[in-house]
Structure formats: C-alpha cells, structure tokens
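Notes for the one structure printed next.
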Amino acid sequence: MSHSLQSVSEAQPTGSYSDQGAIVQTLWYFKYFDHALSVEELHSYLPVQQSAIQVEWACKEGVEQGVLLFENGFYALDHGSLQRRTSLIEHNRRWMKIGQRMGRFIGRFPFVRSVMISGALSKMGLNGEDDDIDFFLIAAPGRVWTAKFFLMLFKKLFLLNSKRYFCINLLRDQGHLGFSSQDRYTATELISLQPVVGGAWHVELMRQNNWVAALFPNVALPEEQASELSPELHWTERFLDRFLGDGFERWCRARFARHVARQKDQPNAYFETDAHASAYFPNSFKERILTHFHSRNFS
1 MSHSLQSVSE AQPTGSYSDQ GAIVQTLWYF KYFDHALSVE ELHSYLPVQQ SAIQVEWACK
61 EGVEQGVLLF ENGFYALDHG SLQRRTSLIE HNRRWMKIGQ RMGRFIGRFP FVRSVMISGA
121 LSKMGLNGED DDIDFFLIAA PGRVWTAKFF LMLFKKLFLL NSKRYFCINL LRDQGHLGFS
181 SQDRYTATEL ISLQPVVGGA WHVELMRQNN WVAALFPNVA LPEEQASELS PELHWTERFL
241 DRFLGDGFER WCRARFARHV ARQKDQPNAY FETDAHASAY FPNSFKERIL THFHSRNFS
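According to my numbering, the sequence shown is numbered sequentially starting from 1.
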C-alpha cells in the first residue's frame, strides 16, 4: 500500500515528496540480493521523479514511521540487508580496484572499444561468496566474436579458465547498442554500469537506450552523441583483419554457438549468439528477480 509522506518540519524542502510506496518498491527489488541502498542509490533507482533532498527527507520519515530501517548511511526493509551491506563495504572497494585494473587490461585486447564493470560489483553488492567480476564490453563493428575469442583464449591459457577476475558476460558491437528488452531488470543493469575504458562509448550506450528514463526518471542521460567514437584500427587489428578477417569472425561465432547449444536447456539459462551480440548467462537472475519483484503489489 502506498502512503503519501507529509512534511515533517518547516525545514523540509518544498514540493511533492516521493511516496513511501516508491521507496519500498525500490528496496524490495534489491531485497532479492539482501542489498541495502544509500540515499544517492535510492534516488537513481526510484521510479518517480524527485530531487535527492526530497528522497532523503522521505527516507527519514519512513524510518520514523517504522517502515524503513537505517544504519551507517544505508536504508533497507530488513536488518539482514543492512548488516550485509555495511560489513562488505571494504570488501567491495577492494574488488572494485581489482576490477578497474583488470578492465584496463581487457581494454588492450584487439577490437575492444569499451570496458564496463557490470553485475553485482557495479552496485557494490558482492557478498563474499563465490565472487567474480562481470564485464560488459563494446567491440569494433563486426568483430564481437573475434574479440571474444582472444579474450577467452587468454582466460584459458593464463587464468586456467577461472572466471573470478575475468567474466565476460555481455559483448556487443558498437553499431548495435540498443536493447530490445526494456524492463526494470535491464534498465537497472544499464544505469549501474561502471565504465573503465572507453567512456565515450558508455555515453553512446546510454544515449541509445534513453528508454530507461521512463523507468528511472532521476538518472541524467546524455542528450548528444559522444565524440571520437570511431578510432583508427590499431596495427594489431589491421594485421588480424588482413590475415583472419570476416571468415575467422564467422568461425568464432559458429564455435561458440555449438558450445551454447549444449547448454541451452539448462533452467534459467540465457544466451545470445547474434552476429553483433554475445551474451553468456548459464545461470541468469533476470526471471527470478522480476518474479520476486512482482510478488508484491505496488499499485
């Protein structure tokens, strides 16, 4: 049930306040991960347009009413989420530094144009159990599968196929950045991306997915295309194009498609093997998260 939050003092900012239902709705989504949120995070993920100060006052009143819980700068619906978030702050900071170093390394691979940290770490939500670093990459046109091949080759030869610091879940080419799935889960993942390399491409990604503003109106999206989005090929890329080219790209895609075909019947699995997009989620959370979210009526 939604309850309007009224002004609690003359010192509060003027204007309409984010209703309690919108805040509870947002915290309920992240309850799936036992993940508490700061005011700034709540403001970004809120489905109604409000200023940050309005959200802050609404949260304070929610705590006074016993609807929300607060500890160490975070809000949640339960004590477990608060304790988990606060106890793992330093853990996530350490992993973010590792993710940034690894992201810069990945950015040196042929045909990689942008590297962004995604998944749990992008929300500072690693829980200390089977942690790994997820990356979303943007590749040069028509070179998604060539880029993925060399990344996976390095992973197998030098990281012994470990996904701990090197999990390439999603890779798209620079000409196909728009997402057809325009739901809360996809929007949440997009606005939480943490760019490491190729920040201009992150700007372009958000510009081409400006539909997220309808779900998260407090997120500032770029209005214009970023500059310098078509760099010249590096000499290694020119060499690979000359001796491998489109034929190798098709071979890499076919090889991965055969690998995916052997796993497609797994429950909760989601894969993409398009010419311009690679997605590898053998244990996707999407449907489970959305089922959890819709298990409560927020109308």
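Ideal Cβ positions, reconstructed from N, Cα and C, are used throughout, including at glycine. A quick note: this is a predicted structure, and the numbers were derived from the prediction, not measured.
What's the gap between the Cα of residue i and the Cα of residue j?
i, j, result
"residue 148", "residue 211", "28 angstroms"
"residue 37", "residue 138", "29 angstroms"
"residue 78", "residue 282", "30 angstroms"
"residue 155", "residue 101", "16 angstroms"
"residue 23", "residue 95", "28 angstroms"
"residue 198", "residue 153", "23 angstroms"
"residue 76", "residue 222", "30 angstroms"
"residue 372", "residue 288", "Given a span of 1 to 299 for the chain in the structure shown, any question on residue 372 remains unanswerable."
"residue 294", "residue 246", "44 angstroms"
"residue 89", "residue 129", "14 angstroms"
"residue 53", "residue 127", "29 angstroms"
Which residues mark the beginning and the end of the beta strand (DSSP E) in which residue i is found?
i, result
"residue 278", "277-281"
"residue 129", "Looking at the DSSP string, residue 129 is not in any beta strand (DSSP E), and its letter there is neither H nor E."
"residue 71", "69-71"
Look up residue i in the DSSP assignment and give the residues it is bridged to.
i, result
"residue 195", "116"
"residue 136", "116, 170"
"residue 190", "Paired residue(s): none; residue 190 is not in a bridge."
Hey, residue i and residue j are a contact pair by Cβ (cut 8 angstroms); roughly how many whole angstroms apart?
i, j, result
"residue 68", "residue 82", "Not really, about 10 angstroms apart at Cβ, beyond 8 angstroms."
"residue 218", "residue 27", "Not quite, the Cβ-Cβ distance comes to about 15 angstroms (not below 8 angstroms), so this is no contact."
"residue 201", "residue 113", "5 angstroms"
"residue 146", "residue 244", "7 angstroms"
"residue 141", "residue 237", "The Cβ separation is near 12 angstroms, so there is no contact."
"residue 122", "residue 181", "With 8 angstroms as the limit, residue 122 and residue 181 do not qualify as a contact, their Cβ atoms being about 18 angstroms apart."
For residue i, which residues in the same chain have their Cβ closer than 6 angstroms to its Cβ, ignoring the five residues on either side in sequence?
i, result
"residue 170", "136, 279"
"residue 125", "33, 35"
"residue 214", "none"
Terminal residues of the continuous alpha helix (DSSP H) containing residue i?
i, result
"residue 172", "Not the alpha helix (DSSP H): residue 172 falls in the beta strand (DSSP E), residues 167-173."
"residue 75", "No alpha helix (DSSP H) contains residue 75, which is instead part of the beta strand (DSSP E) from 74-76."
"residue 106", "89-106"
"residue 243", "235-243"
Can you list, in chain order, the residues of its chain with a C-beta nearer than 7 angstroms to that of residue i? Leave out the 5 residues immediately preceding and following it.
i, result
"residue 178", "208, 209"
"residue 284", "268, 269, 270"
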